[in-house]
């Protein structure tokens, strides 16, 4: 383990950000934390969670898939991609770090999504351990240790030092790039901080969320539950939960006439929207009840059924704090668990 | 090299056949004049016109046709309207093949096969029919029950009359919903016709058509002693990617694009009935 005095944080960011794009959580003009491209003088926000998750960096909200030139009956197909450059995400929390592994299970499964893959290969994820979880946090319910985040390299920060440790080759390279600033040591301080964080984490209001029974075995009883109608009653179908969610990966593919050709792009989509499954001959999810059910069944039941028990949620709490009707996955899980226990 | 799944290939439409008032069959080859890719019966392809849209269609031609692919497409939306208006020589984009095919070389080998289709539901089934007709020695008896609203709405009518009906060991039963002057064949809905015909219960069944037809045909087959494990169908839900990632064609934890579109009814009945 290496440590760097906290007053050198600016120097650390500069050492990394000088060579390649570096993104850190920073406050925007409205005072909200979001991952922002580092520049000299940009300060790291103290907020735990950015308003939007970090998934944009690997799965952008919109991205160009393919371009076409159309001339009469003739079509030309153009791959619009240029070479992906290396970049570093610094200050990713444990929940967001886990979300990348969940997205991997979708995009890196055969057949590999090469757009995503290329960004994953070129991005270095440097995590930052949480010390003061928010009341909406429940990552521990998914076996995530906020005090030991994953990623390529891990960072812990206290009043005096940043402590750094690499987990992968990309993490080694990151540590190498800040070698001049670092000295050895810090294990004891990190261990003390971890114990304290885990103690606090265990006391958060949602820490006791029990997900027993949410597996493929109870798929049909959970799907058929009469509780969905009640739970979804106030849902506006705004899709906010899906847009702030670090693991929501559903996308749409659309064409845009550029005047000079056609650009086919993909963009985030939401299962909460009425036209998500709408076809010429009808819609299998006609009302918000079915759309609402789809979202939670996907995260809590379908995804683990297909991925060795891995849930499609990381407990980041964004949907809890952003839902305009205060409905959320925790309420759903608690209510639904009565069906299977 | 990794296969680029979202970047399509180019195809060109070399023939357009008007099948019914709202269904046309399009013949597609690559720009080199050869098939764009190989497939198995029941698999699908994403066709698109840039700027108009992209959608999944079943490949109606049999893999045993080594020269071209065919798609029978009903006019019912933005993209299909456009396809219906285009002329021969139009280039389109195509990607695939997608999905699980009918087990023609596995479970179907050596079996008696009963095909039941309604309307444009014959499109995916035709691929299987022509595949087993081409490899006749590998299969037992073949029985085809096909129905549509009217005589004019029967898909592949010429091929049915001039080829299928003339094959030895292939029984074809056609029906239309309402009587009409130039029709002396059977009149009535497909599910009832299947019950009247009462096929022996050792047939393996390939069933495709509108949901209501599937529902009542399956019910009738069960009354005749058929088990769900003998009946296969092919599903269709809205799709964007075709490879199980865009997240919209799922039935429970199965994606129609990659775990289907071909399902056996005992598999389907284990899933939530959200389709």
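Residue numbers (my numbering), protein chains in the order written: chain A, 3 to 343; chain B, 1092 to 1366.
Ideal Cβ placement from N, Cα and C applies to all residues, glycine included.
When secondary structure is reduced to three states using DSSP, residue 1296 of chain B falls in the strand class.
The continuous stretches of beta strand (DSSP E) do not include residue 1304 of chain B, which lies in the alpha helix (DSSP H) extending over residues 1302-1314. Between residue 184 of chain A and residue 26 of chain A a beta carbon distance of about 18 Å is seen, past the 8 Å cut, so the two are scored as non-contacting. The beta carbon of residue 1097 of chain B sits closer than 8 Å to some beta carbon of chain A.
Residues of chain B with a Cβ closer than 8 Å to the Cβ of residue 233 of chain A do not exist; the shortest Cβ-Cβ separation is about 17 Å. Sequence-distant partners of residue 177 of chain A (beyond 5 residues in either direction) whose C-beta falls short of 7 Å from its own C-beta, in its chain, are 4, 155, 166 and 168. The three-state reading of DSSP puts residue 40 of chain A in coil, since its state is none of H, G, I, E or B.
With fewer than 16 other CB atoms across the displayed protein chains lying within 10 angstroms of its CB, residue 1176 of chain B is exposed. Of the residues assessed, residue 174 of chain A falls on the exposed side of the cut-off, its CB having fewer than 16 other CB atoms within 10 angstroms. In this structure residue 249 of chain A is in contact with residue 105 of chain A, their Cβ atoms being roughly 7 Å apart against a cut-off of 8 Å.
Our two residues, residue 235 of chain A and residue 52 of chain A, have alpha carbons roughly 29 Å apart in a direct line.
Residue 93 of chain A and residue 200 of chain A have their alpha carbons spaced roughly 19 Å apart. By the C-beta density criterion, residue 332 of chain A is buried, having at least 16 other C-beta atoms within 10 angstroms. For residue 1158 of chain B, no chain A residue has a Cβ inside 9 Å of its Cβ, as the nearest lies near 21 Å away. Excluding residues up to 5 positions away in sequence, 1239 lie with their Cβ nearer than 6 Å to the Cβ of residue 1245 of chain B in the same chain. Under the three-state reduction of DSSP, residue 230 of chain A is assigned to helix. Beta-bridge annotation (DSSP): residue 269 of chain A is paired with A:64 and A:254.
Boundaries cannot be given for residue 1348 of chain B, as no alpha helix (DSSP H) includes it and DSSP labels it neither H nor E. Closest in C-alpha terms to residue 189 of chain A, from the list A:207, A:218, A:247 and A:157, comes A:157.
Listed by position along chain B, the residues whose Cβ is nearer than 8 Å to that of residue 77 of chain A are 1101, 1141, 1182, 1183 and 1184. Per DSSP, the unbroken beta strand (DSSP E) holding residue 6 of chain A starts and ends at 4-7. Contact annotation: residue 1135 of chain B and residue 1114 of chain B have beta-carbon atoms that are not nearer than 8 Å.
Against chain B, the CB of residue 109 of chain A has a partner CB under 8 Å away; the residue lies at that interface. Contact between residue 1159 of chain B and residue 1217 of chain B does not hold, since their C-beta atoms are separated by about 14 Å, which reaches or exceeds 8 Å.
Under a criterion of Cβ atoms nearer than 8 Å, the residues of chain A adjacent to residue 1144 of chain B are, in order, 257.
Here residue 1225 of chain B is exposed: its Cβ has fewer than 16 other Cβ atoms, across all protein chains shown, within 10 Å. For residue 254 of chain A, the chain B residues whose Cβ falls inside 8 Å of its Cβ are 1331 and 1337, in order along the chain. Restricted to the stretch 136-223 of chain A, the alpha helix (DSSP H) segments that are unbroken, complete and at least 4 residues in length are 171-179 and 189-204, listed in chain order.
The Cβ-Cβ distance between residue 321 of chain A and residue 144 of chain A does not fall below 8 Å. In the displayed model, residue 315 of chain A falls within coil according to three-state DSSP, outside both helix and strand. In this structure residue 1109 of chain B is exposed. Its beta-carbon is surrounded by fewer than 16 other beta-carbon atoms within 10 angstroms. Interface annotation, residue 288 of chain A: not in contact with chain B, CB-CB separation never under 8 Å. Fully enclosed beta strand (DSSP E) runs of no fewer than 3 residues occupy 1160-1165, 1182-1189 and 1204-1209 of the stretch 1147-1233 of chain B, in order along the chain. Residue 1138 of chain B carries a strand assignment under DSSP once its states are collapsed to helix, strand and coil. Counting only residues of its own chain and dropping the five nearest sequence neighbours on each side, residue 1230 of chain B has a CB closer than 8 Å to the CB of 1199, 1200, 1201, 1202, 1203, 1204 and 1223. Per DSSP, the unbroken alpha helix (DSSP H) holding residue 333 of chain A starts and ends at 331-342.
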